[in-house]
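Residue numbers (the UniProt record's numbering): 1 to 403. All C-beta atoms, glycine included, are put in the ideal place defined by N, C-alpha and C. See structure below.
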């Protein structure tokens, strides 16, 4: 048997060598060497190349249209790029906004997705921090680390990066993805870490923490009200506890999500479909209101509600993605010394969150209701429907297995 196996391997090696040219010296800087063209391959080589040159990807086709398609494998275009073989990805609420046609910067034909983990497939010539075979966490924000905004810590406004994956360039809901500015846009995955758990650190946990908790200046002994108990709101509830507020008030219209919010650390829950949320918050805070209010929905009604929950000197931290105009009720706020903050996540907290996961003090997998065993890449359209009808399916975060 061993001799037969060796003979078979030898035959396969000779066959491949006969149809594939020797790699160029600079092949490290390309996903597929420039030598791999149909013009210098035998018919058998062309057949092999067709197999190697395409991948499956979920593509935005226009308003309310997405589909799984064959697309060319990404190639390295700059020496700072890497190509990642995606192993796990997930769906964000922003992806739903794109599917609806609410994000004008995302054009039809774009591969969706900005969250994922995977394995380095190939690296550009300037990349020294990562090598082929390394497991990595993909940040939702790509940053050059040298432009004016990056030097100010505003990586989301990087002049050659920012939120581009699954928006202005092809994203992570595919078998392979090109990552620009790889050295400052990827994080090494510790040995033994769970890919499904860590994909929650691509976007949702940094967003809840940075845009909600940190922008809202949640303080020890303070009161924070979080409007919306979806994935982002729940991430804010979990990370707010790092700053020891005395009260964490979760507000939503879905009783099941409010139950989850309490399990994750909310000290009080309010069903705004059954009670006057503003009056209830005043009751819980001795008439004062909340010191920090986090808007985690992104519709006019919830932004209105948040304004009514603020204590004098309070901060309203907007996290929700708003597709329509909202009203600012300055007639009620002008003399209350309140602040309103907006922000796109910069992912500056990702290294800290990785350490917390390693130490066991943060368990992002709590948010996963539909795991990789439920959805493969070929099930992406079904996964979108499940996530989009979250109440019907009891969905929080849906993880997709791309392997």
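Just verifying my parser: in three-state terms, what is the DSSP assignment at residue i?
| i | result |
| --- | --- |
| residue 30 | Note that residue 30 scores a pLDDT of 35, beneath 50, so its modelled location is shaky and nothing firm can be said. |
| residue 162 | strand |
| residue 247 | strand |
| residue 167 | coil |
| residue 42 | Bear in mind that a pLDDT of 35 at residue 42, under 50, signals an unreliable position, so the number given afterwards is only what the model happens to contain. Note: residue 42 maps to coil in three-state DSSP. |
| residue 385 | helix |
| residue 233 | helix |
| residue 354 | helix |
| residue 286 | coil |
| residue 260 | helix |
| residue 56 | strand |
| residue 488 | Since the first residue of the chain shown is 1 and the last is 403, residue 488 is not available in this structure. |
| residue 364 | helix |
| residue 214 | helix |
| residue 13 | Because the pLDDT of residue 13 is 42, which lies under 50, any placement of that residue in the model is unreliable, and the number read from its coordinates should be weighed accordingly. Here residue 13 sits in helix by DSSP. |
| residue 255 | helix |
| residue 172 | coil |
| residue 224 | strand |
| residue 292 | strand |
| residue 372 | coil |
| residue 278 | helix |
| residue 182 | helix |
| residue 317 | strand |
| residue 311 | strand |
Using the rule of at least 16 other Cβ atoms within 10 Å of the residue's Cβ for burial, across every protein chain shown, is residue i buried or exposed?
| i | result |
| --- | --- |
| residue 301 | exposed |
| residue 389 | exposed |
| residue 71 | buried |
| residue 115 | buried |
| residue 410 | Only positions 1 to 403 of the chain appear in the structure, and residue 410 is not among them; the question remains open. |
| residue 395 | buried |
| residue 151 | exposed |
| residue 108 | exposed |
| residue 291 | buried |
| residue 361 | exposed |
| residue 132 | exposed |
| residue 37 | With a pLDDT of 34 at residue 37, under the threshold of 50, the modelled position of that residue is not reliable, and no figure is offered here. |
| residue 24 | Note that residue 24 scores a pLDDT of 42, beneath 50, so its modelled location is shaky; the value from the coordinates is reported in the next line. By the 10 Å Cβ count, residue 24 comes out exposed. |
| residue 143 | buried |
| residue 289 | buried |
| residue 99 | buried |
| residue 63 | exposed |
| residue 170 | buried |
| residue 310 | buried |
| residue 351 | exposed |
| residue 263 | exposed |
| residue 21 | Residue confidence for residue 21 is low, a pLDDT of 46 falling below 50, so the modelled location carries little weight and cannot support an answer. |
| residue 172 | buried |
The alpha helix (DSSP H) with residue i in it runs from where to where?
| i | result |
| --- | --- |
| residue 392 | 390–393 |
| residue 149 | 148–151 |
| residue 341 | Run containing residue 341: none in the alpha helix (DSSP H); it sits in the beta strand (DSSP E), 339–341. |
| residue 206 | 204–207 |
| residue 346 | Counting along the chain, residue 346 falls outside any alpha helix (DSSP H), and DSSP gives it neither H nor E. |
| residue 195 | 195–198 |
| residue 396 | Element bounds for residue 396: n/a, residue is neither H nor E. |
| residue 330 | 330–333 |
Starting from residue i, trace the beta strand (DSSP E) both ways and give me its first and last residue.
| i | result |
| --- | --- |
| residue 300 | Segment 300–308 is the alpha helix (DSSP H) holding residue 300; no beta strand (DSSP E) there. |
| residue 272 | Residue 272 -> no beta strand (DSSP E), and no H or E assigned at all. |
| residue 179 | 176–179 |
| residue 379 | First-last for residue 379: undefined, no H or E at that position. |
| residue 186 | 186–188 |
Mind pulling the alpha helix (DSSP H) runs of 4 or more residues that sit fully within the stretch 63–135?
-> Listed in chain order, the complete alpha helix (DSSP H) runs (minimum 4 residues) inside the stretch 63–135 are 93–100.
At a cut of 8 Å, does the stretch 282–298 reach the stretch 311–325 through at least three beta carbon pairs?
-> A contact is defined here as three or more CB-CB pairs under 8 Å, and the stretch 282–298 meets this definition with respect to the stretch 311–325.
For the 8 Å Cβ check, are there 3 or more pairs between the stretch 176–188 and the stretch 218–231?
-> Not touching, per the Cβ criterion.
Tell me, please, whether the stretch 75–92 touches the stretch 123–141 by the rule of three or more beta-carbon pairs shorter than 8 Å.
-> The stretch 123–141 and the stretch 75–92 touch, with three or more beta-carbon pairs separated by less than 8 Å.
Given 8 Å, three or more beta-carbon pairs between the stretch 130–145 and the stretch 195–215 = The stretch 130–145 is in contact with the stretch 195–215.
Taking three-plus beta-carbon pairs below 8 Å as touching, is the stretch 205–216 in contact with the stretch 330–345?
-> Touching, yes.
Within the chosen definition, does the stretch 272–289 reach the stretch 238–254 through at least 3 CB pairs nearer than 8 Å?
-> Between the stretch 272–289 and the stretch 238–254, the count of Cβ pairs shorter than 8 Å is three or higher; the stretches touch.
The stretch 275–285 touching the stretch 254–261, judged by at least three CB pairs closer than 8 Å | Taking a cut-off of 8 Å for Cβ pairs, the stretch 275–285 and the stretch 254–261 do not touch, as fewer than three such pairs fall below it.
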